[in-house]
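**Q** Take 41 as the starting number for the sequence shown in our numbering and just add one per residue.
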Amino acid sequence: MKHRSHIALSLFLSALLIALIAWGISACARPAADPGVQVAPPSNELAALYAPADASGMETAALAAEPVSASPASEPAVQAAARAEQPGAADTPPQVEQAQAGTARWAWLAQTRAGGDATAPLQPLSAAQSPSAQAHPALAEAPWAGTIEGDVQSGAGALSVAPTLSGEPSAAFAAAMSLADGDERFVLDLAYNIMYGWVDAGDTVTLTRTSGGAAYGAAEADGVGFFWTPLWQPDGWPAEVAPGDTLEVFVNGALETALTPTSVEAHMDVLADQVLGSISGVAAGTPVTVALSRWATQPLTDMPQAVALTDASGAFTATFSADLGPHNLAQVTYSTGQALVRGYAYPQRVFSVDSHSWVFGYTEPGAPVTVTVYYTESDTVRSQATTRGNWPHGDYATTQEMMPHDRVEVDLGSGAPLTFTIGELNAYIDLDADRVTGGGCPPYAPVRVWAENWRLGRYREETTTADMHGVYTVTFSGFDLRASDAVYPACADSEGDEEMLSTNGPNMQVFPERDAVSGSGDLPNVPFTFTLQHPGEAPYAVLTGLTQYGWNGTGPVDVGEDIVPGDVITLETATWSGSMTVADISVTFDTAHDRVLGQVDVPGWVLAYASQWQDWGYPVNGGQGVSVTAASPFTATFTNFDVRDTVAAQILHYDENDFVTRLSREARYFQVEMPSGVGMPQLSPDEVLTATLYESDGQTIKHQTSEDRDPDNPDWYWLDLAGHIVAGDWITVTDGAGWTAGLQVPLLTMDADESANFLWGEGPKALLWLEWADFGRFVPSDGYIVDTAALGHDLTFGDWAVATYQARGGDLVRRQMQWPQLVAA
């Protein structure tokens, strides 16, 4: 049963008017943001990766995210700096967050290949990835169930799916994704130029382009059989897959399939709520699955999908009952043999303004974009930002100073500039009634409100029309609107441009590891008070401030005292109050069964979100979320996701009010530094770890040590193996308390030619994580070569560079570049 403390709605309406006036006054005093800065789209919780430090007005209620780097030595400096500077938030999708620091290396490539100026200053790219693309990619087959609504054969069907705690994908979902005979094992993504799919655990998958220019890919399937690989050229450049290329896929050296993709051309019409396109060379009646997503990321499980059929020319039209907007993009997928081929469709010449601070849209990758904000009813510039379309989707984003009634102009470098006048969009969220009420829209404007929890793939959208006063009301039918859901109201003008608001219901989050709290009230720019106390004692902290416009959030608040389980935390504003008890949570990883095991002392539910090492570099399947009932013990079992050494997990306990106690944990692992020794995180100052180095026979001991050679670092245990590690050796590490892990050392080398900007070496047929200076990315290895200039870096003698191989069990083997030493004669 929900429990909320609310004052009557009439009080809300008067308070809202006061708050909006106060916000307008205070916002006038805001300094202009750096016009060159790009930020990730706001969301109701930042997952903790790469949010920029100046994303003011977009932090959500609970902003503090825990770093999840795999080791103190393996994170590029630019990422580490981004982590250190992030303001703390709640839940921005990781695929969006990673964009902040991980893709600047694509800027030069995007600019030059799109005809841009290679000498122009690089703009940080908020690339798409990820990631994790990373939410729940279709073929990752996390547990879900659903039904197809409409006439699939006519192309008017839409797929609706809802996550469940256990079970297999529904037949409807499987049919819609398989498209044809259901034999597809591989997905070829024409935007990311990658292939991914499912084979047996530990299989070696290699890719060869036999027509269209030499290129290769290589990957080692993880413990559940998942693999992915980019396509790479022998000259050290990433390859682009073009229509007519022939790709051969080998599994363990045997030819599995060959495919010749055709072109996928499509665009999105946000006014007609359609995706229109054509696929060359396919038969009439070929099924095409069109899956919606947002902000240049991968689709959430519950987001709308439609299935259309091609006509004799290959043309298709997918019509959605959902309301499409400038934030959307669509995956367009068809089947060929054993593979699915995927392209994308984007909105054209429309953009959105989010929370009076953030502008988002799509253009061509590398194309210049200028966003200018003019004072209300004036040609005087308030702020201006320049950026470029990101690789591979062409998405762009700026954050800059703007106010209600200002005019926003977006110049895409061709065609007339796009213009939009900002309104006063606002929202009040009634969690008990599953209802969102607000105003500030143009009279009779179409209104869309969606709610999501990206970690679970949870998504629901409702639409309505504002009345003559711009007021709207949306009630979610059959959907339990939660305090933990991000909520995004939006209203559009006649051209499809939109004003959007990032918000959520009143909530609280506590971060015991950081001794910090955050939350949301139900109004912007009103005083709030946090009170913290140990049970039965006087408060040990009373913290005050003003809620923000975005999320009605408090931002992260450092307490300055230890927060411990059992503490009682209260958040109060003039119109809302809530209270929570800090939960006592403990977790362990069961990597043999892909589970997170734990105990918690407060009723409610637990969300465990696991992410792979360097998950922000995964285009798909870098993370997965599982929810279970809170209990002691509880078990969160992951489906088709490999929980292995180095996996990081965010553990979120939700009480009966959906208020959160949040922890981060990492599965134990070790890291081989060739040829020197082994390092690993130290869980306590008293534990003793032992590393044993064996000959290639796995029996003859070459060296063994338990001595920590880095005693001054309490978080890192260094086991020196005297430089004796060579390829073929075996290494085991144990903590003497039941944990043991081991691997066979692969051949792994690194060399460099700074005059040619080349890094190259030998490695297993797998993905390697290569880092140089402040850059880092996955590169396929069958022997590898990287032209760092192709990825935006002029290699210099002495640059830090390292190659890392992740073994099937998750543990790491690293080889650092050793530059020749200059010795005086």
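Even glycine gets a Cβ: it sits at the ideal position worked out from N, Cα and C.
Please read these numbers as outputs of a predicted model, since none were measured by experiment.
1) Just the C-alpha distance for residue 559 and residue 583, rounded to the nearest angstrom, thanks.
2) State yes or no: is the C-beta of residue 305 within less than 7 Å of the C-beta of residue 293?
3) Is the segment 500-516 close to the segment 483-492, with three or more CB pairs under 8 Å?
4) Look up residue 611 in the DSSP assignment and say whether it is helix, strand or coil.
5) Could you check if residue 323 is buried or exposed, using at least 16 other CB atoms within 10 Å of its CB as the buried criterion?
6) Kindly confirm or deny that the segment 761-775 and the segment 791-799 touch, where touching means at least three C-beta pairs closer than 8 Å.
7) May I ask you to report which of helix, strand or coil DSSP gives residue 495?
8) Shortest alpha-carbon distance to residue 443 belongs to which of 437, 462, 427?
9) Do residue 224 and residue 378 have their beta-carbon atoms positioned less than 7 Å apart in this structure?
10) Quick check: the Cα distance between residue 737 and residue 847, rounded to an integer number of angstroms?
11) Do you know how far the Cα of residue 784 is from the Cα of residue 330?
12) To the nearest angstrom, report how far apart residue 478 and residue 395 are at their CA atoms.
13) With a threshold of 7 Å on Cβ separation, who are the neighbours of residue 350 within its own chain once the five nearest residues in sequence on each side are excluded?
14) Count the C-beta pairs between the segment 685-703 and the segment 641-654 that are closer than 8 Å, then say yes if the count reaches three, no if not.
15) Tell me the DSSP secondary structure of residue 657 in three-state form.
16) For residue 860, which residues in the same chain have their Cβ closer than 6 Å to its Cβ, ignoring the five residues on either side in sequence?
17) Where does the unbroken beta strand (DSSP E) through residue 680 begin, and where does it stop?
18) What do you get for residue 604, buried or exposed, if any count of 16 or more other CB atoms within 10 angstroms of its CB means buried?
19) Per DSSP, what are the beta-bridge partners of residue 843 in this structure?
20) Do you know whose CA, among 713, 772, 718, lies nearest residue 740's CA?
21) Taking 8 Å as the cut-off, does the segment 550-557 touch the segment 599-613 (at least 3 CB pairs, one atom from each stretch)?
22) What do you reckon, are the CB atoms on residue 666 and residue 678 nearer than 7 Å?
23) Is the segment 309-316 touching the segment 250-257, taking contact as three or more C-beta pairs under 8 Å?
24) Starting from residue 316 and walking both ways along the beta strand (DSSP E), at which residues does that stretch end?
25) Alpha carbon to alpha carbon, how far is residue 400 from residue 452? Give it in angstroms, no decimals.
26) Go ahead and pull the three-state DSSP assignment for residue 190.
27) If we require 3 or more residues per run, which beta strand (DSSP E) segments fall completely within the segment 510-536?
28) Are there 16 or more other CB atoms within 10 angstroms of the CB of residue 699, so buried, or fewer, so exposed?
29) Which ranges does the beta strand (DSSP E) cover as unbroken runs of at least 3 residues, wholly within the segment 382-416, from first to last along the chain?
30) Short of 6 Å in beta carbon distance, which residues of its chain neighbour residue 613, apart from the five on each side in sequence? Order them along the chain.
31) Helix, strand or coil: how does DSSP classify residue 850 here?
32) If I follow the unbroken beta strand (DSSP E) through residue 797, where does it start and stop?
33) Going straight from the alpha carbon of residue 247 to that of residue 226, what length do you get?
34) With DSSP as the reference, label residue 335 as helix, strand or coil.
35) Within 10 angstroms of the Cβ of residue 82, are there 16 or more other Cβ atoms? Answer buried if so, exposed if not.
36) Between which two residues does the beta strand (DSSP E) carrying residue 571 extend?
**A** On the basis of the coordinates in this document:
1) As the crow flies, the alpha-carbon of residue 559 is around 12 Å from that of residue 583.
2) The Cβ-Cβ distance between residue 305 and residue 293 does not fall below 7 Å.
3) Three or more beta-carbon pairs drawn from the segment 500-516 and the segment 483-492 are found closer than 8 Å, and the two stretches are therefore classed as touching.
4) Reduced to three states, the DSSP call for residue 611 is strand.
5) So residue 323 ends up on the exposed side.
6) Taking a cut-off of 8 Å on C-beta distances, the segment 761-775 does not touch the segment 791-799, as fewer than three cross pairs fall below it.
7) DSSP places residue 495 in helix when its eight states are reduced to three.
8) Of the listed residues, the one whose Cα sits closest to residue 443 is 462.
9) Yes, the pair counts as a contact, with Cβ atoms nearer than the cut-off.
10) Going from the Cα of residue 737 to the Cα of residue 847 covers about 19 Å.
11) Here the C-alpha atom of residue 330 lies approximately 44 Å from the C-alpha atom of residue 784.
12) Whole-angstrom Cα-Cα distance: 14 Å.
13) By the criterion of a C-beta distance shorter than 7 Å, residue 350 is surrounded in its chain by 319, 322, 324, 325, 326, 328, 356, once the five residues flanking it on both sides are discounted.
14) Note that the segment 685-703 touches the segment 641-654; at least 3 beta-carbon pairs, one per stretch, sit closer than 8 Å.
15) The answer is helix: DSSP assigns residue 657 an H, G or I state.
16) Once the five neighbours on either side are set aside, residue 860 has no close Cβ partner at all.
17) Counting along the chain, residue 680 falls outside any beta strand (DSSP E), and DSSP gives it neither H nor E.
18) Residue 604 comes out exposed.
19) Answer is 810, 855, bridged to residue 843.
20) It is 772 whose Cα lies nearest to the Cα of residue 740.
21) Judged by Cβ distances under 8 Å, the segment 599-613 makes contact with the segment 550-557, as three or more pairs qualify.
22) In this structure, residue 678 lies closer than 7 Å to residue 666 by Cβ.
23) Contact between the segment 309-316 and the segment 250-257 is absent, because fewer than three Cβ pairs lie under 8 Å.
24) Its beta strand (DSSP E) spans residues 314-319.
25) Straight across, the Cα-Cα distance linking residue 452 with residue 400 is about 12 Å.
26) Note that residue 190 scores 28 on pLDDT, short of 50, meaning its location in the model is unreliable and no value can be drawn from it.
27) List check, beta strand (DSSP E) in window: 512-515, 526-532.
28) With 16 or more Cβ atoms within 10 Å of its Cβ, residue 699 is classed as buried.
29) With a minimum length of 3 residues, the continuous beta strand (DSSP E) runs that stay inside the segment 382-416 are 391-394, 398-402, 408-414.
30) Within the same chain, 561, 566, 568 come within 6 Å of residue 613 by CB-CB distance, once the 5 residues on both sides are set aside.
31) The DSSP-derived three-state label of residue 850 is coil.
32) Per DSSP, residue 797 is not a residue of any beta strand (DSSP E), being assigned neither H nor E.
33) Each residue's alpha carbon lies about 11 Å from the other.
34) For residue 335, the secondary structure class from DSSP, reduced to helix, strand or coil, is coil.
35) Because the pLDDT at residue 82 is just 28, under 50, the model does not fix this residue reliably, and the value given afterwards should be weighed accordingly. A residue is called buried when at least 16 other Cβ atoms come within 10 angstroms of its Cβ; residue 82 meets this threshold and is buried.
36) Counting along the chain, the beta strand (DSSP E) containing residue 571 begins and ends at 567-573.
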